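Have a look at the structure below, then the notes.
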Amino acid sequence: MRHKRPATTCGATLIVCFLAALNALAQPSVEPKQAFEEVEASISDKQSLKASKERKRTELRGEIAVVQEILDELERMHSQLQSELAEAEQQVEARADEVADYTVARDEKTKQLVWSSVTASQLQKRNPITMLIVQSDPLKVDRLYHYHAYFTKQLKAQIDELRVHLAEFDQLLAESEAARKNFVVAEENYAENSTNLQDRKASLGSLNAQLETEITQLDADLAQLFREREQLSRAIAERTRPATATTPVPTPSSRGDISNWPVVGEVRQAFGTARADGRIRSEGIVISANVGTPVTAIANGTVVFSQWFEGYGNTIIVDHGDEIISIYARCDSLLKQTSEPVEAGEQIATVGTAEESAGLYFEIRVRNNPTDPLRWLRER
């Protein structure tokens with residue numbers, strides 16, 4: 389007996405393709421065409437929902453940008469007020485020494501003005517004491533009087549000038565104080581407005597993040613729906629074409645040792661006939677046998693799948709190499725694990741219930757294309 393080396397990597401790839409093709413048809417109550425239409429409707433709904441959320445996201449981003457612009461302008465105005473207040477305070481501080489000098493000079497000249505005014509008044513009245521001082525010379529008295537009058541006039545002019553400077557400083561102080569008061573009010577408004585705007589920005593940012601999450605999830609849902617649509621499209625195409633249209637025909641070299649029957653029994657459902665649920669044409673055969681009857685490998689190989697599969701029950705798949713696999717489904721129990729080698733005729737499972745009665749569902753696939761098992765198995 390010839391032994392072929394199992395191509396487990398290739399077999400694993402075939403299993404992935406096989407399971408993907410069957411996954412969309414795993415629910416027995418849904419027609420492929422109906423499922424395809426439902427998937428199409430779901431895709432349309434989710435695309436519309438995604439477009440709506442993307443528009444909302446665009447609006448939110450625009451509003452966030454506007455809020456940020458207002459915050460930037462508010463910060464600019466606040467900085468400008470701070471600069472104006474600092475400038476006013478610097479001006480007051482810069483002139484403080486100058487004003488102190490003006491105040492001293494004003495007070496000194498005011499005293500001089502008072503003394504000069506008193507002297508001029510005494511000269512004007514010809515006070516005896518004054519006459520004694522000036523040796524009773526009337527001309528000297530007149531000259532002294534005019535001198536004091538001139539001196540008094542100059543003092544008054546200087547005092548007036550000092551008062552102007554002091555008035556300017558008072559105005560500067562008033563403006564500085566007004567700027568400070570305005571800044572205090574503006575500072576309160578700035579703090580309140582800035583807090584409100586920051587809260588609004590955070591709220592909008594949270595909504596935007598939520599939309600981002602929802603859109604990402606919709607993208608994932610759509611990707612899954614696109615995959616399901618592709619699987620259903622292939623299933624519909626498979627159903628509508630004749631089962632033997634692309635069925636590989638085994639040759640003596642490709643058949644090799646694959647000739648043993650997996651279980652003793654009659655073929656209850658042939659390859660290519662409509663299945664009981666009416667969904668697709670059968671891609672395998674159903675062999676009648678009692679529950680618990682041993683199921684054996686049809687040839688040497690390696691187990692590449694051994695577990696329950698939706699729509700097929702307990703299923704075991706053996707890779708025989710050369711991209712040929714055999715599939716044993718609707719089993720009652722599985723006796724081999726994935727990666728275990730098996731020999732032709734070795735028991736790998738027991739019969740369960742197939743198509744609502746006891747029996748084994750059996751397939752042979754070449755390059756993942758279903759082929760009529762009866763073309764491979766020896767005649768009995």
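Quick note on numbering: the sequence shown equals residues 389 to 768 in the working numbering. No residue lacks a Cβ here, since even glycine has one placed at the ideal position from N, Cα and C. Computed from a prediction, not measured in an experiment: that's the story for all the values here.
Strictly under 8 Å for the Cβ-Cβ distance: is residue i near chain D by that measure?
{"i": "V455", "result": "This model lacks chain D altogether; it includes just one protein chain."}
How is residue i classed by DSSP in three states: helix, strand or coil?
{"i": "A562", "result": "helix"}
{"i": "I624", "result": "helix"}
{"i": "A429", "result": "helix"}
{"i": "P650", "result": "coil"}
{"i": "N577", "result": "helix"}
{"i": "R763", "result": "helix"}
{"i": "G740", "result": "strand"}
{"i": "T684", "result": "strand"}
{"i": "Q619", "result": "helix"}
{"i": "R643", "result": "Reliability fails at R643, whose pLDDT of 47 lies under 50, so the model's placement of it is uncertain and the value that follows must be treated cautiously. In this structure, R643 counts as helix in the three-state DSSP scheme."}
{"i": "Q456", "result": "helix"}
{"i": "V679", "result": "coil"}
{"i": "Q725", "result": "coil"}
Going by beta carbon distance, what residues of the same chain come within less than 7 Å of residue i, once the five residues before and after it are set aside?
{"i": "T661", "result": "R669, S670"}
{"i": "I624", "result": "P420, K421, F424"}
{"i": "K444", "result": "L599"}
{"i": "A567", "result": "E472, L473, A476"}
{"i": "Y578", "result": "L462, H466"}
{"i": "G680", "result": "D720, T738, V739"}
Name the DSSP beta bridge partners of residue i, please?
{"i": "E447", "result": "DSSP, once it has assigned bridges, lists no residue as partnering E447."}
{"i": "G701", "result": "F697"}
{"i": "V674", "result": "Q657, Y749"}
{"i": "V706", "result": "V691, S714"}
{"i": "V730", "result": "G689"}
{"i": "N757", "result": "V754"}
{"i": "Q470", "result": "According to DSSP, which records beta bridges pairwise, Q470 is partnered with nothing at all."}
{"i": "R464", "result": "R464 is not bridged to any residue."}
{"i": "Q735", "result": "T684"}
Please return the same chain residues whose Cβ sits closer than 6 Å to the Cβ of residue i, not counting the five positions on each side in sequence.
{"i": "A474", "result": "none"}
{"i": "S430", "result": "L613"}
{"i": "R753", "result": "I713"}
{"i": "L762", "result": "none"}
{"i": "Q468", "result": "none"}
Can you tell me where the beta strand (DSSP E) holding residue i begins and where it ends?
{"i": "G747", "result": "745 to 754"}
{"i": "S721", "result": "712 to 722"}
Spatial neighbours of residue i within its chain, please: C-beta separation below 8 Å, excluding the five flanking residues on both sides.
{"i": "N581", "result": "L462"}
{"i": "S745", "result": "R656, S676"}
{"i": "C719", "result": "V683, G701, N702, T703, I704, A737, T738, V739, G740, L748"}
{"i": "K724", "result": "V691, S694, I704, V730, I736, A737"}
{"i": "S647", "result": "I686, A687, W764, L765, R766"}
{"i": "S727", "result": "T396, T690, V691, V692"}
{"i": "K589", "result": "I452, V455, Q456, L459"}
{"i": "N596", "result": "R445, L448, R449, I452"}
{"i": "K438", "result": "I603, L606, D607, L610"}
{"i": "K441", "result": "L599, E602, I603, L606"}
{"i": "Q470", "result": "F571"}
{"i": "K434", "result": "L606, D609, L610, L613"}
{"i": "Q332", "result": "Nothing can be reported for residue 332: it is not among the residues displayed for the chain, which extend from 389 to 768."}
{"i": "L592", "result": "L448, E451, I452, V455"}
Hey, is residue i close to the ligand NAP, as in C-beta under 7 Å from one of its heavy atoms?
{"i": "S564", "result": "Ligands in the displayed structure: none, and consequently the ligand NAP is not present."}
Is it true that the region 645 to 660 meets the region 692 to 706, where meeting means three or more beta-carbon pairs spaced less than 8 Å apart?
Taking 8 Å as the limit for Cβ pairs, the verdict is that the region 692 to 706 does not touch the region 645 to 660.
Under 8 Å: do the region 449 to 459 and the region 558 to 566 share three or more Cβ pairs, one atom per stretch?
no
Give a yes or no on contact between the region 606 to 615 and the region 698 to 713, applying the rule of three or more CB pairs nearer than 8 Å.
no
Is it a yes or a no for the region 675 to 686 touching the region 726 to 742, going by three-plus beta-carbon pairs under 8 Å?
yes
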